[in-house]
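Asker: So the sequences go chain by chain: D and U.
All residue numbers for the first sequence refer to this note's numbering, where the first residue is 50 and numbers rise by one.
All residue numbers for the second sequence refer to this note's numbering, where the first residue is 4 and numbers rise by one.
Okay, here's the structure, questions in a sec.
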Amino acid sequence: MTLDTQFTDQKFKLVGSRPDRPDGVDKVTGRARYGADASAPGQLVGAILRSPHAHAKIKKIDTSKAEKLKGVKAVITSADLPDLTNGNRGNYDILENCMARGRALYDGHAVAAVAAIDAETARRALSLISVDYKVLPHVTDVDAAMRSNAPIVQPHVRTAGGEPSDKPTNIAQISTFGHGDVEAGFAKADKIVEKSYKTEQTHQGYIEPHACLATVGPDGQGELWVTTQGHYTFRNLCASLLGMDIAKLKVTSSEIGGGFGGKTHVWMEPLALALSRKANRPVKLVMSREDVFRASGPTSSTSMDIKIGCTNDGRITAATATLRYQDGAFPGIWGMLGAMTAFACYDLENVQSVGYDVLVNRPKVAAYRAPSAPMAAFGVESTIDLLAAELNMDAVEFRLLNAAKEGTKASYGPTYGPIGIGPTLEAVKNHPHMHAPLGKNQGRGMACGFWFNFGGQTCTDLNIGVDGTVNMTVGTVDVGGARASLSLIAAEELGIPYEHVKCNIGDTASLGHNDTTEGSRGTFSSGMATIFAARNAIEELKSRAAKTWDIDPEEVDWVDGEAVAKGVEHSNLGPLSLAQIAKASPNTGGPIAGHSETVADGAGVSFASHICDVEVDPETGSTRVVRYTVVQDAGKAIHPDYVEGQFQGGAAQGIGWALNEEYIYGEDGRLQNPGFLDYRIPVCSDLPFIDTEILEIPNPNHPYGIRGVGETSIVPPLAAIANAVSNAAGVRMDHIPMSPPRIRKAIKAEAAMHQEVSAG
Amino acid sequence: MANAKGSAFLLAGGTDLLVRMKSGAIDPELIVDIKRIPATQAITKTASGFKIGAGVPCAQLGRDAALVKAWPGVVEAANLIGSDQVQGRCTVAGNLCNASPAADSVPAMVAARAKAAIVGAGGRRSVAVEKVVTGPGRTSLEKGEFIEAIVLPTPAPKSGDAYLRFTPRTEMDIAVCSAAVNLTLGPKGVVTAARVVLGAVAPTVVLVPAAAKAIIGSTLDDDALANLAAACEAACAPIDDKRGTVEFRTEVAGVLARRAAKLAYERAGGK
Ligand SMILES: Cc1cc2nc3c(=O)[nH]c(=O)nc-3n(C[C@H](O)[C@H](O)[C@H](O)COP(=O)(O)OP(=O)(O)OC[C@H]3O[C@@H](n4cnc5c(N)ncnc54)[C@H](O)[C@@H]3O)c2cc1C
Numbered sequence: 050m051t052l053d054t055q056f057t058d059q060k061f062k063l064v065g066s067r068p069d070r071p072d073g074v075d076k077v078t079g080r081a082r083y084g085a086d087a088s089a090p091g092q093l094v095g096a097i098l099r100s101p102h103a104h105a106k107i108k109k110i111d112t113s114k115a116e117k118l119k120g121v122k123a124v125i126t127s128a129d130l131p132d133l134t135n136g137n138r139g140n141y142d143i144l145e146n147c148m149a150r151g152r153a154l155y156d157g158h159a160v161a162a163v164a165a166i167d168a169e170t171a172r173r174a175l176s177l178i179s180v181d182y183k184v185l186p187h188v189t190d191v192d193a194a195m196r197s198n199a200p201i202v203q204p205h206v207r208t209a210g211g212e213p214s215d216k217p218t219n220i221a222q223i224s225t226f227g228h229g230d231v232e233a234g235f236a237k238a239d240k241i242v243e244k245s246y247k248t249e250q251t252h253q254g255y256i257e258p259h260a261c262l263a264t265v266g267p268d269g270q271g272e273l274w275v276t277t278q279g280h281y282t283f284r285n286l287c288a289s290l291l292g293m294d295i296a297k298l299k300v301t302s303s304e305i306g307g308g309f310g311g312k313t314h315v316w317m318e319p320l321a322l323a324l325s326r327k328a329n330r331p332v333k334l335v336m337s338r339e340d341v342f343r344a345s346g347p348t349s350s351t352s353m354d355i356k357i358g359c360t361n362d363g364r365i366t367a368a369t370a371t372l373r374y375q376d377g378a379f380p381g382i383w384g385m386l387g388a389m390t391a392f393a394c395y396d397l398e399n400v401q402s403v404g405y406d407v408l409v410n411r412p413k414v415a416a417y418r419a420p421s422a423p424m425a426a427f428g429v430e431s432t433i434d435l436l437a438a439e440l441n442m443d444a445v446e447f448r449l450l451n452a453a454k455e456g457t458k459a460s461y462g463p464t465y466g467p468i469g470i471g472p473t474l475e476a477v478k479n480h481p482h483m484h485a486p487l488g489k490n491q492g493r494g495m496a497c498g499f500w501f502n503f504g505g506q507t508c509t510d511l512n513i514g515v516d517g518t519v520n521m522t523v524g525t526v527d528v529g530g531a532r533a534s535l536s537l538i539a540a541e542e543l544g545i546p547y548e549h550v551k552c553n554i555g556d557t558a559s560l561g562h563n564d565t566t567e568g569s570r571g572t573f574s575s576g577m578a579t580i581f582a583a584r585n586a587i588e589e590l591k592s593r594a595a596k597t598w599d600i601d602p603e604e605v606d607w608v609d610g611e612a613v614a615k616g617v618e619h620s621n622l623g624p625l626s627l628a629q630i631a632k633a634s635p636n637t638g639g640p641i642a643g644h645s646e647t648v649a650d651g652a653g654v655s656f657a658s659h660i661c662d663v664e665v666d667p668e669t670g671s672t673r674v675v676r677y678t679v680v681q682d683a684g685k686a687i688h689p690d691y692v693e694g695q696f697q698g699g700a701a702q703g704i705g706w707a708l709n710e711e712y713i714y715g716e717d718g719r720l721q722n723p724g725f726l727d728y729r730i731p732v733c734s735d736l737p738f739i740d741t742e743i744l745e746i747p748n749p750n751h752p753y754g755i756r757g758v759g760e761t762s763i764v765p766p767l768a769a770i771a772n773a774v775s776n777a778a779g780v781r782m783d784h785i786p787m788s789p790p791r792i793r794k795a796i797k798a799e800a801a802m803h804q805e806v807s808a809g
Numbered sequence: 004m005a006n007a008k009g010s011a012f013l014l015a016g017g018t019d020l021l022v023r024m025k026s027g028a029i030d031p032e033l034i035v036d037i038k039r040i041p042a043t044q045a046i047t048k049t050a051s052g053f054k055i056g057a058g059v060p061c062a063q064l065g066r067d068a069a070l071v072k073a074w075p076g077v078v079e080a081a082n083l084i085g086s087d088q089v090q091g092r093c094t095v096a097g098n099l100c101n102a103s104p105a106a107d108s109v110p111a112m113v114a115a116r117a118k119a120a121i122v123g124a125g126g127r128r129s130v131a132v133e134k135v136v137t138g139p140g141r142t143s144l145e146k147g148e149f150i151e152a153i154v155l156p157t158p159a160p161k162s163g164d165a166y167l168r169f170t171p172r173t174e175m176d177i178a179v180c181s182a183a184v185n186l187t188l189g190p191k192g193v194v195t196a197a198r199v200v201l202g203a204v205a206p207t208v209v210l211v212p213a214a215a216k217a218i219i220g221s222t223l224d225d226d227a228l229a230n231l232a233a234a235c236e237a238a239c240a241p242i243d244d245k246r247g248t249v250e251f252r253t254e255v256a257g258v259l260a261r262r263a264a265k266l267a268y269e270r271a272g273g274k
């Protein structure tokens with residue numbers, strides 16, 4: 050079968066409509082089964098003991114008392130998870146993050162786990178485990194961690210991409226991107242703005258905590274029911290860490306109550322499997338909210354220096370960014386991604402961005418929706434606004450003048466095809482929001498954002514029932530309405546009603562490997578595999594029709610859900626519908642199916658521009674977002690409701706991040722606010738209705754033109770809101786979150802400076 | 004309850020008690036649920052004011068037209084607690100007895116000169132609300148004693164009260180600081196009596212007589228308001244924590260007191 054992935058500008062009947070999602074009724078009635086909703090006969094309750102120290106040597110763990118407690122069926126420490134990683138440092142880091150191995154690297158790091166007959170016994174067992182710690186000096190701040198005298202988090206780490214050295218360091222990696230000659234570029238500039246920024250650490254804030262039910266038998270076979278964005282990845286990792294065969298561990302993804310990148314990694318699932326293996330009973334392990342904050346994977350806190358220069362007529366001549374991203378206690382690629390995305394919106398002759406990946410005594414950083422891009426965009430887009438103000442030029446015009454376009458060499462390397470940054474800026478320029486009057490203490494800001502998007506390994510199976518309904522199995526977890534979109538695509542291709550398709554997320558035993566639902570790839574890649582699987586099934590349907598008619602399959606066409614015999618010589622043959630062919634299938638060769646196993650290449654980069662109005666109470670520093678508009682290129686909106694949902698969700702999370710959310714660490718290196726009371730994600734009444742405008746600039750590398758839409762929407766908000774708040778408060782805000790105390794302090798400092806200036 | 008060997012707790016709405024039990028902070032031996040006692044379930048209008056039974060959920064306060072008219076500040080404070088769901092359960096007596104410095108209804112009740120009707124093995128007594136809480140998590144109730152009702156007086160003619168709190172979120176949040184003002188006007192809109200109370204700026208709520216003094220005799224002009232704010236700031240003794248800095252709490256307490264005073268003044272009929 051030829052897999053032509055080129056965009057064809059096909060005319061659609063169903064794609065682009067807004068039917069109800071197939072998982073909707075289950076979700077609103079409570080019937081949907083999430084991570085914690087599975088149970089098995091004889092199941093035990095798992096619980097994890099966590100380090101109260103930010104950094105400590107574990108001298109000894111005594112589990113004997115816990116083991117003797119009635120009702121305790123297994124106690125494990127790192128001794129029960131031998132190192133099978135065979136020199137694979139990445140996997141070793143995952144193993145060590147799941148369970149401390151001789152040293153606790155952050156407040157919340159797991160040190161032991163138990164499985165007991167009930168939660169009460171498990172809790173008591175934890176209190177009977179005694180851990181002898183030697184507390185070590187710690188570091189939680191990214192800038193402090195880079196100093197030469199900082200406590201070292203991982204003694205084996207040397208800087209990748211840096212000067213070769215034998216000295217231990219917290220700088221795990223330095224990544225440099227760009228082109229041209231920035232020195233020469235700045236020399237040509239009439240105006241230069243240089244400014245430093247900081248952002249605090251935030252969590253994805255998914256409402257469903259990590260949860261799983263693990264069963265491993267003495268025969269080495271196992272099952273894992275788990276809330277995850279990628280059950281195949283979880284399977285491969287868990288099997289490898291525990292020394293199991295991939296084929297013998299079946300992982301089923303539950304419904305997922307939010308992930309946003311945080312459920313792309315294993316945290317405690319290998320522990321549940323190890324407990325089950327030791328106890329020889331099923332073990333259910335559910336994180337508390339406190340565990341989720343302390344020991345899953347939030348995003349980096351950052352510290353950044355941005356410098357941009359331009360000519361008096363508004364052309365940027367050079368731009369540089371130095372981006373220091375904190376990775377938590379294990380090396381990641383977060384600074385690198387920041388450096389890659391920082392200037393991606395612009396067409397720059399001379400550009401350089403340098404990303405630092407820095408280790409600190411905090412939980413391992415994980416992906417959070419367009420990971421690392423929002424912070425870099427905050428620095429760059431704030432600086433762009435400052436420069437536009439210096440030029441006395443409209444901030445949108447200034448961006449339009451410098452926006453990347455087809456043929457631009459991106460700052461991170463590739464040359465762009467058709468892209469949406471210019472069109473989103475044009476749409477913003479013409480949007481009524483941009484021209485609406487502002488009230489007292491109100492300010493408006495806008496900003497742009499970019500995300501790569503990703504494709505990857507994907508399979509889809511499509512089975513046609515004898516009644517003509519279609520059962521489809523995909524391997525990408527549905528995190529935002531993908532089952533509805535994929536059903537639309539299958540129905541579109543087959544020419545049948547949307548309601549005749551049922552889309553399932555297969556477990557790891559029912560399909561080949563599928564990459565994790567990350568990088569906004571779900572609808573892009575499974576959409577592609579679904580198109581191919583449907584076309585594959587159509588070939589079979591046509592051949593069955595040909596068989597029925599006793600003509601050559603080459604003489605059969607597929608038109609609007611029916612097989613049609615071509616040519617006048619067959620004008621006596623009436624069309625055969627999918628349902629008719631399906632009904633006859635037991636006698637024409639058996640079940641009819643289509644399938645596709647593919648690597649979906651050519652994910653289309655995606656751009657967005659956001660507009661935001663805020664009102665700042667100058668006396669309290671309190672900010673209310675009064676109006677918000679998202680304009681983003683979707684490539685093709687298969688199901689516009691869920692595209693808009695993604696746009697709105699990204700903006701909502703960005704608003705929380707920009708204004709109030711932050712990890713607060715004490716001097717002792719302990720997280721002070723591991724709960725939703727003091728880690729303030731916005732509630733409904735904190736948000737305005739978020740307006741959306743979908744642009745469709747087809748991705749040339751997808752038959753339908755799809756680009757991913759899930760992540761780009763969180764990239765502009767920090768910057769757009771910072772620009773709006775700065776305009777409303779009359780002072781530039783350079784530290785996120787812009788919490789009321791920070792805004793008050795900035796307003797006061799600005800007032801004091803003015804007083805000094807006028808006094809002097 | 005007086006005879007319980009271990010810790011004994013009354014259960015009203017349970018929105019504090021159950022949360023603390025779940026987090027492992029307390030492990031009660033005895034819990035007594037008062038919600039089925041009819042006497043605790045009603046808001047009664049009496050000759051001298053209102054009696055709010057200890058089991059009355061805060062949502063019910065907002066539906067009592069007479070109470071809303073008489074004490075809008077107390078009601079708005081009670082209706083700021085948590086969310087609709089929380090208000091469907093929680094009580095003002097529970098809010099008081101939980102003894103959090105940030106409890107929303109307490110400053111408003113103190114400003115309104117509310118009294119707690121306390122009952123115990125030794126009989127009944129009536130205590131000013133500000134005398135109930137002695138420190139964070141601590142009350143002056145004896146073992147076996149509990150509050151059966153909160154009693155509010157009939158407001159003096161031409162009076163108004165108001166309560167404002169500062170929270171970063173619009174709801175589901177805990178006051179970073181708060182202020183309640185209850186005042187009475189004489190002829191020509193001059194303030195003749197006032198009570199100003201601050202929350203979340205000290206271990207217990209703070210009654211600030213100096214702030215009241217700053218506005219008594221005034222028509223709430225800018226100078227009077229500035230003096231009120233200054234007196235409030237001077238009365239603050241907050242802590243630096245994850246919810247706010249000393250500087251921020253102190254400053255904003257003054258701002259809120261000013262705004263609450265204006266609101267109370269309008270409600271009292273002042274212009
Ligand atoms: C999600 C959420 C949000 C919240 N938001 C707020 C908020 O915005 N503002 C705020 O102030 N609080 C808030 N709270 C705390 C809580 O809801 C309030 O303090 C509430 O008023 C407590 O009332 P209750 O009836 O539920 O008390 P309970 O939990 O029943 O009792 C609290 C304590 O007081 C004791 N007690 C109760 N009644 C009596 C009585 N009659 N006599 C003697 N002792 C008694 C109990 O034994 C217990 O120790 C919130 C709580 C939650 C869970």
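Quick reminder that beta carbons are idealized off the backbone N, C-alpha and C, glycines included.
Bear in mind that the values here come from a model prediction, so they are computed numbers and not experimental data.
Does the beta-carbon distance from VAL231/D to ALA393/D come in below 8 angstroms?
Answerer: Going by C-beta atoms, VAL231/D is not nearer than 8 angstroms to ALA393/D.
Asker: Is THR18/U near ligand 1, with its Cβ less than 7 angstroms from a heavy atom?
Answerer: Checking the Cβ of THR18/U against ligand 1 gives yes.
Asker: Which two residues bound the contiguous beta strand (DSSP E) that contains LYS240/D?
Answerer: Segment 240-248, the beta strand (DSSP E) holding LYS240/D.
Asker: State yes or no: is the beta carbon of PRO171/U nearer than 8 angstroms to at least one beta carbon in chain D?
Answerer: It does; some Cβ of chain D falls within 8 angstroms.
Asker: Measure the alpha-carbon distance for THR51/D versus GLU603/D and round it to whole angstroms.
Answerer: Model confidence at THR51/D stands at a pLDDT of 49, short of 50, so the residue's coordinates are unreliable and nothing is read from them.
Asker: The segment 705-716 of chain D: which residues have C-beta closer than 7 angstroms to a C-beta of chain B, in chain order?
Answerer: No chain B is present in this structure, whose protein chains are D and U.
Asker: Looking at C-beta atoms only, is the number of pairs between the segment 521-528 of chain D and the segment 446-455 of chain D that lie closer than 8 angstroms three or more?
Answerer: Contact between the segment 521-528 of chain D and the segment 446-455 of chain D is absent, because fewer than three Cβ pairs lie under 8 angstroms.
Asker: Going along chain U in order, which residues have a C-beta closer than 7 angstroms to the C-beta of THR669/D?
Answerer: In chain order: PHE169, VAL255, VAL258.
Asker: In the DSSP assignment, find the unbroken alpha helix (DSSP H) run with ASN636/D in it and report its ends.
Answerer: Element bounds for ASN636/D: 627-637.
Asker: Measuring alpha carbon to alpha carbon, tell me which residue in PRO723/D, HIS314/D, GLU805/D, PRO331/D is nearest LYS413/D.
Answerer: That would be HIS314/D, whose Cα lies nearest to the Cα of LYS413/D.
Asker: Any idea what DSSP makes of LYS327/D, helix, strand or coil?
Answerer: LYS327/D: helix per DSSP, three-state reduction.
Asker: Quick one: using the 10 Å Cβ neighbour count with 16 as the cut-off for buried, is HIS104/D buried or exposed?
Answerer: So HIS104/D ends up on the buried side.
Asker: Using C-beta distances below 7 angstroms, list every residue in its chain close to ASP609/D, excluding the 5 sequence neighbours before and after it, in chain order.
Answerer: If we look at ASP609/D and ignore the five residues flanking it on each side, its Cβ neighbours are GLY544.
Asker: Between ARG364/D and chain U, is any beta-carbon pair separated by less than 8 angstroms?
Answerer: False, the Cβ-Cβ gap to chain U never drops below 8 angstroms.
Asker: Indicate, with yes or no, if ligand 1 has a heavy atom lying under 7 angstroms from the CB of CYS180/U.
Answerer: Not under cutoff, so the answer is no.
Asker: Nearest to VAL74/D by CA position, among ARG593/D, ALA595/D, THR647/D, ALA533/D, is which residue?
Answerer: Of the candidates ARG593/D, ALA595/D, THR647/D, ALA533/D, the one whose C-alpha sits nearest the C-alpha of VAL74/D is ALA533/D.
Asker: Under 8 angstroms, do LYS591/D and ALA612/D count as touching if we go by C-beta distance?
Answerer: Their beta carbons are under 8 angstroms apart, which means LYS591/D touches ALA612/D by this criterion.
Asker: For CYS497/D, count neighbouring Cβ atoms within 10 angstroms of its own Cβ and tell me buried if that reaches 16, exposed if not.
Answerer: Under this definition CYS497/D is a buried residue.
Asker: Quick one: grab the DSSP three-state call for CYS733/D.
Answerer: CYS733/D: helix per DSSP, three-state reduction.
Asker: Identify which residue in PHE53/U, LYS25/U, GLY16/U, ARG23/U has its Cα closest to the Cα of ARG39/U.
Answerer: Of the listed residues, the one whose Cα sits closest to ARG39/U is GLY16/U.
Asker: With 16 as the cutoff for other CB atoms within 10 Å, does GLU145/D come out buried or exposed?
Answerer: When all chains shown are included, GLU145/D counts as buried.
Asker: Just to confirm my understanding: we take GLY234/D, look at its own chain, exclude 5 residues before and 5 after, and list those with CB closer than 7 angstroms. What are they?
Answerer: Cβ neighbours of GLY234/D beyond the five flanking positions: GLY358, THR366, ALA367, GLU398, ASN399.
Asker: So is ASN748/D in contact with chain U if we call contact Cβ pairs under 8 angstroms?
Answerer: Chain U contact via Cβ: absent.
Asker: What's the gap between the Cα of LYS810/D and the Cα of SER536/D?
Answerer: As shown, chain D starts at 50 and ends at 809. That puts residue 810/D outside it, with no answer to give.
Asker: Looking at the C-beta of ASN722/D, does it have a partner C-beta in chain U at a distance below 8 angstroms?
Answerer: ASN722/D counts as touching chain U.
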